[in-house]
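Visitor:
Protein chains: 2
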Amino acid sequence: MDFVVIGGDAAGMSAASRAKRNQPDIRVTVIEKTHDVSFSACGMPYNIADPSRPMEDLVVREADVFRKQGIAVLTGHHATRIDRTAKTVSGRTSEGNPFSVSYDTLLIATGASPIVPDIPGLDAPGVMVLKHLEDGRRIKNYIRDAAVKRAAIIGMGYIAMEMCEALRERDIHVTMIKPGPGLLPWMEPQLSGVIQQELEYYGVALHPGVRILGVSQDEKGLTVHGEGIDIEADMVLLAVGIRPNSGIAVEAGLETGPYLAISTDECLRTSDPRIYAAGDCADAIHAVTGQKVWIPLALRANRAGWAVADNVCGKPVSLPGIVGTAVFRVFGMEVARTGLTAQEAVAAGFHPVSGVIQSRSRAHAHPGASQIRVQMVADQRTGRLLGVQMVGREGVCHRINAVAVALHNRMTVEDFSRTDLAYAPPFGPVWDPLLTAANQLLKKIAR
Amino acid sequence: MDFVVIGGDAAGMSAASRAKRNQPDIRVTVIEKTHDVSFSACGMPYNIADPSRPMEDLVVREADVFRKQGIAVLTGHHATRIDRTAKTVSGRTSEGNPFSVSYDTLLIATGASPIVPDIPGLDAPGVMVLKHLEDGRRIKNYIRDAAVKRAAIIGMGYIAMEMCEALRERDIHVTMIKPGPGLLPWMEPQLSGVIQQELEYYGVALHPGVRILGVSQDEKGLTVHGEGIDIEADMVLLAVGIRPNSGIAVEAGLETGPYLAISTDECLRTSDPRIYAAGDCADAIHAVTGQKVWIPLALRANRAGWAVADNVCGKPVSLPGIVGTAVFRVFGMEVARTGLTAQEAVAAGFHPVSGVIQSRSRAHAHPGASQIRVQMVADQRTGRLLGVQMVGREGVCHRINAVAVALHNRMTVEDFSRTDLAYAPPFGPVWDPLLTAANQLLKKIAR
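As you go down the protein sequences, you meet chains A and B in turn.
Take 52 as the starting number for the first sequence in our numbering and just add one per residue.
Take 52 as the starting number for the second sequence in our numbering and just add one per residue.
1. Where residue 116(A) and residue 71(A) are concerned, what is the direct C-alpha to C-alpha distance, given to the nearest angstrom?
2. Using the beta-carbon count (16 or more within 10 Å), is residue 474(B) buried or exposed?
3. With the cut-off set at 7 Å, would you say residue 500(A) and residue 401(A) are in Cβ contact?
4. Just the chain B side, please: which residues come within less than 7 Å of residue 376(A) by C-beta, in chain order?
5. Rounded to the nearest angstrom, what separates residue 265(A) and residue 205(A) at their Cα positions?
6. Report the option in 207(A), 202(A) and 234(A) whose CA atom is closest to the CA atom of residue 220(A).
7. What is the residue span of the alpha helix (DSSP H) that residue 9(B) lies within?
8. Could you list which residues in chain B have their beta carbon closer than 7 Å to that of residue 450(A), in chain order?
9. Using the Cα positions of residue 174(A) and residue 149(A), report the straight-line distance between them to the nearest angstrom.
10. Quick one: which chain A residues come within Cβ less than 9 Å of residue 108(B)?
11. What residues from chain B crowd round residue 393(A), counting only those whose CB sits closer than 7 Å?
12. Apart from the five residues just before and just after residue 125(A), which ones in its own chain have a Cβ nearer than 7 Å to its Cβ?
13. Determine the contact status of residue 207(A) and residue 234(A), defining contact as a CB-CB distance below 7 Å.
14. With which residues is residue 268(A) paired in a DSSP beta bridge?
15. Which residue spans inside the region 368-430 of chain A form an unbroken alpha helix (DSSP H) run of at least 4?
16. Determine whether the beta carbon atoms of residue 432(B) and residue 480(B) lie at a separation below 7 Å.
17. Measure the beta-carbon distance from residue 357(B) to residue 295(B) and round it to whole angstroms, keeping in mind my assumption that it falls under 8 Å.
18. Considering only the alpha carbon of each residue, which of 361(A), 89(A) and 169(A) lies closest to residue 183(A)?
19. Please name the residue, chosen from 337(A), 493(A), 102(A) and 335(A), that lies closest to residue 403(A) on a Cα-to-Cα basis.
20. Distance cutoff 7 Å, beta carbons only. Does residue 459(A) sit that close to anything in chain B?
21. Got a sec, what are the start and stop residues for the beta strand (DSSP E) residue 581(B) sits in?
22. Please return the same chain residues whose Cβ sits closer than 8 Å to the Cβ of residue 93(A), not counting the five positions on each side in sequence.
23. Report yes if the CB atom of residue 239(A) is closer than 7 Å to the CB atom of residue 407(A), and no otherwise.
24. Output needed in chain order: residues of the region 349-367 of chain A with a Cβ under 8 Å from some Cβ in chain B.
25. From residue 460(B) to residue 446(B), what does the alpha carbon distance come to, in whole angstroms?
26. Is the Cβ-Cβ distance between residue 385(B) and residue 448(B) less than 7 Å?
27. Taking the runs of the beta strand (DSSP E) that are 3 residues or longer, which of them lie wholly in the region 185-245 of chain B?
28. Residue 478(B) CB to nearest chain A CB: under 7 Å?
29. Taking one C-beta from the region 351-369 of chain A and one from the region 409-428 of chain A each time, how about it: are there three or more such pairs within less than 8 Å?
30. Taking C-beta pairs closer than 9 Å, name the residues in chain B that residue 370(A) reaches, listed in chain order.
31. Within 10 angstroms of its Cβ, does residue 86(A) collect 16 or more other Cβ (buried), or is it exposed?
32. Report buried or exposed for residue 284(B), applying the criterion of at least 16 other Cβ atoms within 10 angstroms of its Cβ.
33. Tell me which residues share the same chain as residue 211(B) and place their Cβ nearer than 7 Å to its Cβ, disregarding the 5 neighbours each side in the sequence.
34. Have a look at residue 374(B) and residue 134(B) and give me their C-alpha separation to the nearest angstrom.
35. Which one of 465(A), 263(A), 323(A) and 451(A) has the shortest CA to CA distance from residue 512(A)?
36. In the region 379-412 of chain B, which residues sit with their C-beta less than 8 Å from some C-beta in chain A, listed in chain order?
Given below as structure tokens:
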């Protein structure tokens with residue numbers, strides 16, 4: 052059997068490698084546009100922060116390792132067309148030569164691409180995006196070669212913030228600008244305000260709510276022209292979000308879901324039973340709402356890749372939904388969320404009630420404690436826990452997992468409030484901040 | 052109504068205070084043997100570590116704060132007898148005067164006491180236990196007044212280890228000795244070995260499996276006489292475990308459970324419906340086994356105190372079981388457990404299968420990562436997750452909570468392996484160590 056994979060990153064390589072392990076006689080071909088497979092994309096900001104580390108540190112496994120495993124890895128091959136009748140994938144190599152590969156079963160794992168907004172001047176050298184390892188190399192080399200001292204970041208999402216931290220670490224002055232309102236608008240201001248303070252403490256200039264007119268270049272460098280403000284910079288990073296690389300699937304007539312992500316069922320099958328999709332190009336079911344969502348994250352990509360491999364090899368696997376657990380660090384702050392925000396809960400047909408509490412990262416009288424802020428969202432009618440957002444200097448990133456597991460189990464806030472969570476003075480108060488949030492929210496639900 | 056509470060610590064004061072808030076016209080009386088109420092017992096080792104901090108830092112609320120709330124707090128009152136027919140509690144004050152208090156509803160929250168083994172010489176000054184705030188003060192004053200340079204700790208449980216760290220912080224040489232085998236014998240040697248290395252790295256001498264013959268004192272100080280070894284010390288700490296203070300309940304004819312803890316139902320009622328028990332003196336249901344257990348921990352004591360108050364005030368509450376989540380720190384290591392060990396699983400009638408994995412505290416190529424070791428236990432027949440133990444330098448203490456929530460929901464390892472846990476490079480690998488443990492254990496379950 053010919054199992055063909057388009058895209059050699061997390062989902063694609065997980066699937067290729069596991070299929071080969073599951074069933075050594077299967078023929079596996081991976082078609083990858085770039086020359087890198089299996090690298091830690093999420094690690095790029097931290098690598099860029101350190102000029103002494105080569106970008107290759109982020110390569111988890113070289114293409115040759117997969118080739119030794121018996122997988123045909125075609126790097127520099129850009130797939131542009133799927134012929135579902137002939138069951139072929141065709142395209143061009145980086146040298147411009149046409150290629151065509153036949154499949155019995157196909158996995159589309161084409162990932163996502165940074166959104167490039169429609170503003171003039173983005174073709175100037177020094178305007179960067181960050182997605183592929185090649186992008187990371189380009190940014191790192193440019194910082195060195197152009198001796199970058201000032202950077203402008205368009206966007207304020209989590210990649211923007213991680214890059215902001217990385218650039219400040221290299222003593223580059225950073226200005227952040229975005230057209231939309233506020234920092235992390237999905238977050239309660241009591242929580243996002245803490246992050247804003249942290250950014251400002253580290254000397255980052257923030258300009259939310261500013262329409263961006265264009266980027267220009269002269270002998271002194273780049274200028275980002277916003278409405279009422281010009282920002283001079285040696286480098287501009289575009290980080291306004293990503294969108295699924297689903298064009299090849301759309302052209303092949305496959306169904307799509309939210310954000311034009313490729314629509315998949317619980318077995319990762321697309322509307323063509325011979326074709327799977329996994330990773331950042333595919334949608335998923337949200338376990339809290341039961342509705343389709345597009346939340347591209349690394350763990351899901353890896354897990355979906357494995358599940359595709361198992362299904363391809365006759366070990367039926369269906370994945371439960373995701374709950375949208377995401378964490379990031381920005382300077383000294385940890386930020387975490389899982390499940391729904393109050394706004395998302397309304398959109399999904401719930402009747403949300405929510406509350407914010409402040410607690411401590413260590414016990415009463417334990418030295419070194421810092422604040423933890425928790426927002427918890429529940430459904431007023433059923434008492435069901437719907438989501439949590441959390442911000443603090445320590446103990447945030449792993450705490451969120453307890454809520455994620457609770458969401459998978461459709462727990463009520465009351466049941467969650469009675470769980471036996473850990474306590475020791477260096478790690479939190481007797482009542483974990485999550486339990487305090489639940490206890491407080493219960494009072495509102497009971498009304 | 053007269054609601055009387057014996058014991059003014061976590062469970063007792065939580066109950067007293069919440070009952071008064073629930074129902075301001077209730078008469079609440081707390082009978083406390085010592086002169087301290089509502090202090091952070093778990094914080095004592097960390098306070099002892101720092102000579103500049105007064106022990107009073109650990110008092111969460113003074114007795115007078117409760118008195119202002121309208122609660123009669125009788126400190127220095129030692130309750131010695133419950134008359135269930137007359138519905139009175141009687142005893143003697145610290146001045147030796149008899150007292151008697153009538154109740155309509157009684158809560159026994161007498162806590163637990165350090166076990167004092169039957170070996171000669173323990174009455175020497177300089178032989179200490181740690182339970183009440185008064186014990187903490189005594190130890191701290193003794194270290195200062197006797198200029199303690201060498202300490203021997205009898206016992207190697209988590210209080211012993213926390214005290215070991217505290218004493219080393221004060222540059223006191225520490226020798227630990229216990230009659231039983233090995234360090235943390237309930238733990239897989241691959242995990243407990245890491246803790247042993249850490250203790251040895253910090254210069255702690257360990258002598259497990261040594262029968263203790265007695266303690267003697269001469270002008271040079273104390274000597275702990277073990278079989279084949281004499282340990283000289285300026286101070287000896289007894290930390291061989293605790294047992295429930297259930298004597299007053301036993302004498303009143305109330306039923307007892309494991310370790311002679313007072314037997315309670317899900318509403319915290321004893322075998323006398325007029326009498327509740329909560330905190331370290333009471334038993335509980337283990338949510339994994341459904342069997343009675345005695346696992347005295349602070350969160351349960353607080354939660355049970357609240358539940359008693361609600362039940363007393365006509366708001367019926369029944370608590371689900373506990374899962375035995377416990378964490379502690381020893382020097383740079385975090386140690387966590389929840390649910391059952393493999394041995395406990397056998398005892399409870401399961402057919403356990405377990406595995407140990409090593410993973411990392413941060414992502415591939417992220418600087419500063421350290422090892423995390425996870426042991427996961429499941430039931431071979433049903434695939435149900437039964438427990439986890441974990442050791443590492445960071446990211447252990449809060450991670451365990453995800454497993455605790457999974458245990459409350461009786462998840463299988465397979466379902467747990469598909470939960471949407473958090474990932475960002477500074478906080479862990481894409482596959483969280485818990486998911487890797489689950490993925491590996493699944494292979495053993497499938498056999």
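By construction, the Cβ of each residue, glycine as well, lies at the ideal position given by its N, Cα and C atoms.
Just so it is clear, the structure is predicted and the values come from calculations on it, not from any experiment.
Guide: Taking the coordinates as given:
1. 13 Å
2. buried
3. The question about residue 500(A) has no answer, for chain A in this structure spans 52 to 498.
4. 471, 472 and 473
5. 11 Å
6. 202(A)
7. With chain B represented from 52 up to 498, any question about residue 9(B) goes unanswered, as that position is not in the structure.
8. 449 and 452
9. 28 Å
10. 415 and 416
11. Neighbours of residue 393(A) on chain B: none; closest Cβ ~20 Å, over 7 Å.
12. 80, 81, 82 and 83
13. yes
14. 273(A)
15. 393-398
16. no
17. Contact flag wrong, Cβ pair sits at about 20 Å.
18. 89(A)
19. 493(A)
20. yes
21. Lying outside 52 to 498, the shown extent of chain B, residue 581(B) is not represented and no answer is given.
22. 349
23. yes
24. 349, 350, 351, 353 and 354
25. 23 Å
26. yes
27. 201-205 and 224-228
28. yes
29. no
30. 469
31. exposed
32. buried
33. 204, 227 and 290
34. 34 Å
35. The structure shown does not extend to residue 512(A), since chain A is modelled only from 52 through 498, so no value can be given for it.
36. 379, 380, 385, 387 and 389
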